[in-house]
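**Student:** Here you go, one structure.
In the working numbering, the protein residues as written are 47 to 325.
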């Protein structure tokens, strides 16, 4: 009798373990088969790219996109890292790598996206000709190190400054300025606020997404950069999710002919840098 009871208990235990294993497997499958993608943005054109060109493609595949907008770039990455988002689309590689290093979070870049370049803007000047070398010019510049470095490189392109040879592209600072060709007073501003202070300074170096968010045009710039690799914008996801199907489908949508046509023909995206996977 004891032997029969033991056998019955063993059968029950095996059944329970099998059920638990199946539940765990089902939960993993559910997590891997995400059909609602929560994407974080800062104000600007990248959410519009998704609404106009990416969401229609993913909707046909059964996905729903949830848009979450933040005022601070750091907030977006923290939300992604802790699981409130599945992806974010707003930042360039230099900013992203600096954030990951400083905050020790496990995030991964997946693909570059069409990018609104940084430009030089002014409400006081419509030309860079005949600037007075004796006048002090207030130039608003991003206060975060990656974008400050980006802005200095653009100022060198404008021949406002000469940088020391062999400077580090991602960490170049005022200490790397060898010569000033005009008298500059830097006004350091959080990058999301730069478009709002253009009228208060002589010149401002502003990322294109914030120009568009302020209802200005990239064409208003006195110069637009041709962004090098480190300043091209990207999609970021948690590293643990990088091989999941929703990530593959999201990145694949950016490579479609229909999305490329949107970027090339929609007036909102005029002047955008285009990734290498565009034809």
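Note that beta-carbon positions come from the ideal geometry of N, C-alpha and C, so glycine has one too. Note that the coordinates shown come from a computational prediction; the quantities given were computed from them, not determined experimentally.
Our contact map puts residue 309 next to residue 297 with C-beta atoms below 8 Å; I'd like the distance itself, whole angstroms only.
**Tutor:** Position 263 of the chain shown, counting from 1, holds the residue named residue 309. Position 251 of the chain shown, counting from 1, holds the residue named residue 297. At roughly 15 Å, the Cβ-Cβ gap does not stay under 8 Å, so residue 309 and residue 297 are not in contact.
**Student:** Taking a contact to mean a Cβ-Cβ separation below 8 Å, would you say residue 279 touches residue 158 in this structure?
**Tutor:** In the chain shown, the residue the question calls residue 279 occupies position 233. In the chain shown, the residue the question calls residue 158 occupies position 112. Yes. Within cutoff.
**Student:** Would you kindly work out how many angstroms separate the C-alpha atoms of residue 92 and residue 228, rounded to a whole number?
**Tutor:** The sequence position of residue 92 within the chain shown is 46, counting from 1. The sequence position of residue 228 within the chain shown is 182, counting from 1. Cα to Cα, residue 92 sits roughly 35 Å from residue 228.
**Student:** Is residue 170 helix, strand or coil by DSSP?
**Tutor:** Sequence index remark: in the chain shown, residue 170 carries index 124 (1-based). DSSP places residue 170 in coil when its eight states are reduced to three.
**Student:** If you follow the beta strand (DSSP E) that residue 278 is part of, which residue opens it and which one closes it?
**Tutor:** Stepping through the chain shown from its first residue, residue 278 is reached at position 232. Note, residue 278: premise wrong, no beta strand (DSSP E); not H, not E.
**Student:** Is it true that the CB of residue 194 sits closer than 8 Å to the CB of residue 187?
**Tutor:** Translated into the one-based positions of the chain shown, residue 187 becomes position 141. Translated into the one-based positions of the chain shown, residue 194 becomes position 148. Yes. Within cutoff.
**Student:** Contact between the segment 79 to 99 and the segment 140 to 150: three or more CB pairs below 8 Å?
**Tutor:** Cβ pair count under 8 Å is below three, so no.
**Student:** Identify every residue that forms a DSSP beta bridge with residue 250.
**Tutor:** Along the chain shown, one-based indexing puts residue 250 at 204. Partner(s): 167 and 186.
**Student:** Output needed for residue 267: all residues of its chain with C-beta closer than 7 Å, excluding positions within five of it in sequence on either side, in chain order.
**Tutor:** As a first step, residue 267 is located in the chain shown; it is residue number 221 there, counting from the start. Once the five neighbours on either side are set aside, the close Cβ partners of residue 267 are 165, 166 and 167.
**Student:** Classify residue 170: buried if its beta carbon has 16 or more other beta carbons within 10 angstroms, exposed otherwise.
**Tutor:** As a working note, residue 170 is residue 124 in the chain shown. By the neighbour-count rule (16 or more Cβ atoms within 10 Å), residue 170 is not buried but exposed.
**Student:** CB residue 132 to CB residue 295, shorter than 8 Å?
**Tutor:** Residue 132 sits at position 86 when you count from the first residue of the chain shown. Residue 295 sits at position 249 when you count from the first residue of the chain shown. Against a cut-off of 8 Å, the Cβ pair of residue 295 and residue 132 comes out as no contact.
**Student:** Could you pull out every unbroken beta strand (DSSP E) segment of at least 3 residues lying fully inside the segment 85 to 167, listed in chain order?
**Tutor:** Correct list: 110 to 115, 133 to 138, 153 to 158 and 165 to 167.
**Student:** Pop quiz: residue 100 and residue 300 are said to be a contact at Cβ under 8 Å. What is the actual Cβ separation, rounded to whole angstroms?
**Tutor:** To locate residue 100, count along the chain shown from 1; it is residue 54. To locate residue 300, count along the chain shown from 1; it is residue 254. Correct: roughly 7 Å between the Cβ atoms.
**Student:** For residue 313, is the classification buried or exposed, using 16 other Cβ atoms within 10 angstroms of its Cβ as the cut-off for buried?
**Tutor:** To locate residue 313, count along the chain shown from 1; it is residue 267. With fewer than 16 Cβ atoms within 10 Å of its Cβ, residue 313 is classed as exposed.
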